[in-house]
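Numbering (full-length UniProt numbering), first residue to last: 6 to 431. Glycine included, C-beta positions come from ideal geometry on N, C-alpha and C.
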Amino acid sequence: LDGSISRAIQQMSNATIIDDNVLNECLNEITRALLQSDVQLKLVSDMQTNIKRIVSLHDLTGGHNKRRIIQQAIFTELCQILDPRKSSFTPKKGKASVIMFVGLQGSGKTTACTKYAYYHLKKGWKPALVSSRAGAFDQLKQNDATRVKIPFYGRIAVEGVKRFKKENYDLIIVDTGGHHKQEASLFEEMHQVAEATRPDLVIFVMDSSIGQAAFDQAQAFKQSVSVGAVIITKMDGHAKGVGALSAVAATKSPVIFIGTGEHIDEFEVFDVKPFVSRLLDILMSFVQLPQKLFEGNLTLRMMYEKFQKILKRDSIGQVLSMLPPKSAELTLNDHEKEIQAKFKSYVTVMDSMTDEGKQKMLYIWFYFLNSAREITIESNSFFFPRASGRRVREVMGMLELYKDIAKVRSKLGEMGGIGALPRSMM
Ligand code: GDP
Ligand code: MG
6 LDGSISRAIQ QMSNATIIDD NVLNECLNEI TRALLQSDVQ LKLVSDMQTN
56 IKRIVSLHDL TGGHNKRRII QQAIFTELCQ ILDPRKSSFT PKKGKASVIM
106 FVGLQGSGKT TACTKYAYYH LKKGWKPALV SSRAGAFDQL KQNDATRVKI
156 PFYGRIAVEG VKRFKKENYD LIIVDTGGHH KQEASLFEEM HQVAEATRPD
206 LVIFVMDSSI GQAAFDQAQA FKQSVSVGAV IITKMDGHAK GVGALSAVAA
256 TKSPVIFIGT GEHIDEFEVF DVKPFVSRLL DILMSFVQLP QKLFEGNLTL
306 RMMYEKFQKI LKRDSIGQVL SMLPPKSAEL TLNDHEKEIQ AKFKSYVTVM
356 DSMTDEGKQK MLYIWFYFLN SAREITIESN SFFFPRASGR RVREVMGMLE
406 LYKDIAKVRS KLGEMGGIGA LPRSMM
């Protein structure tokens with residue numbers, strides 16, 4: 006663990022006294038990094054709560070000890086997310102098991118099937134490949150399988166399974182997929198194949214670069230077939246594999262292998278600890294970003310107070326004239342009433358946030374940049390303890406405006422300090 010952990014934790018280590026503030030600061034940094042990396046907001050806020058609970062169980066008055074406790078808590082908590090506390094079905098050599106692979110088109114299912122077969126072949130198993138229908142198993146992978154002498158059956162899945170069972174194969178791997186115009190038809194086919202072949206294990210294959218969509222996608226699969234394990238593919242690419250956290254949370258199933266390349270032997274047994282170490286390393290490289298973006302020290306809290314004043318005073322035109330022309334949905338041509346309504350909605354959004362959320366809006370900024378704008382903000386997150394019924398799109402609008410005001414302010418700050426701004430902006 007030493008050396009693999011963050012700058013944020015280092016900062017904490019440099020602090021002479023570790024009080025709640027230092028701990029919070031550190032947790033906030035990590036939270037922000039996780040959110041930027043597309044981990045689901047709910048997961049992150051739960052994690053933060055858990056870490057605080059673990060840490061509070063210890064007496065933090067003693068010297069170096071408490072740093073270790075906090076470091077360990079963060080590491081442990083990330084490992085916990087990846088541990089569904091339940092192992093997947095393990096096939097037994099010599100006894101026929103049917104393993105079905107599911108996942109979106111292009112996620113790497115067919116490749117993973119072949120790799121999984123080859124991995125077991127090398128360990129003395131008798132694997133065979135079955136395709137749920139013509140076309141799912143492309144020629145390229147068929148060649149791969151043929152080259153390493155793994156038999157392949159590409160017509161009707163249930164026939165293939167029957168045949169290989171009769172021929173004493175002990176690992177019958179069923180690939181699904183092919184081209185589907187509608188997601189519904191993909192799920193329908195998957196469901197039918199599962200009904201027909203009665204798999205002992207269904208493996209959900211997920212591309213590591215999927216990001217914020219990981220949770221919903223994994224959940225959708227889990228709802229239509231009983232997923233029992235996860236394989237994360239393309240870990241050799243730019244992706245951080247953070248989606249694995251969401252996939253495990255959504256399917257309550259363990260990650261069993263990761264794909265690390267296009268080649269048949271670029272396949273590794275999943276190991277939680279090195280994975281989390283790597284994840285933390287990468288997460289921490291994001292940690293410094295936001296400060297640079299938001300110079301001028303304008304907190305959302307200040308903006309909130311300002312908006313309230315604006316609403317009272319009805320001096321919107323005056324404020325707008327201060328903003329850069331392209332600014333956030335708001336232009337001078339807009340009808341005053343419309344603008345007023347927009348400001349009101351911003352105030353509502355901010356009303357639903359904690360004070361801490363208002364002060365530290367910056368992480369949320371990065372989170373929202375990557376997420377669907379039409380999502381209604383959940384009330385169970387720590388930034389938004391009360392439901393506002395607002396959509397991310399509105400918060401985005403608000404943040405755009407915030408950013409512009411912050412920019413103007415920091416420019417003015419250079420020229421003549423904050424005093425250069427008109428009173429209505431303060
Ligand atoms: P399917 O549609 O889910 O069956 O996906 P395929 O198995 O056909 O894979 C889609 C593409 O991703 C192919 O070009 C594969 O070679 C590639 N691919 C699959 N797994 C990996 C991996 O772990 N690393 C890399 N770099 N490419 C992969
Ligand atoms: Mg395929």
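Check                                                                                                      : Outcome
Residue 435 - containing alpha helix (DSSP H), residue span                                                : Nothing can be reported for residue 435: it is not among the residues displayed for the chain, which extend from 6 to 431.
Contact check, F106 vs K97, beta carbons under 7 Å                                                         : no
DSSP-derived helix/strand/coil call for T238                                                               : strand
CA nearest to the CA of K131, picked from V198, G99 and V253                                               : G99
Any 3 or more C-beta pairs closer than 8 Å across the stretch 173 to 180 and the stretch 212 to 228        : no
Reference V135, options C118, K57, L191 and S251, closest by Cα                                            : C118
Member of R90, R160, G129 and V232 whose CA lies at the smallest distance from the CA of D143              : R160
Beta-carbon proximity list for R203, same chain, < 7 Å, skipping 5 on both sides                           : V103
S251, buried or exposed, once every other Cβ within 10 Å from all chains shown has been counted against 16 : buried
Distance, Q77 Cα to D276 Cα                                                                                : 18 Å
CB of I269 within 7 Å of CB of A234, strictly                                                              : no
Simplified DSSP state of P295, which is helix, strand or coil                                              : With a pLDDT of 34 at P295, under the threshold of 50, the modelled position of that residue is not reliable, and the figure given next carries that caveat. P295 falls in the helix class under three-state DSSP.
T119 CB to nearest heavy atom of ligand 2 below 6 Å                                                        : no
The alpha helix (DSSP H) enclosing S190, as first and last residue numbers                                 : E188 to T202
Contact test: Q110 Cβ vs ligand 1 heavy atom, cutoff 6 Å                                                   : yes
Simplified DSSP assignment, three categories, for Y174                                                     : coil
Buried versus exposed call for T151 [16 or more other C-beta atoms within 10 Å across all chains shown]    : exposed
Bounding residues of the alpha helix (DSSP H) (the contiguous stretch that carries D221)                   : A219 to S229
Three-state class that DSSP yields for A101 in the structure shown                                         : coil
D241 CB to nearest heavy atom of ligand 1 below 6 Å                                                        : yes
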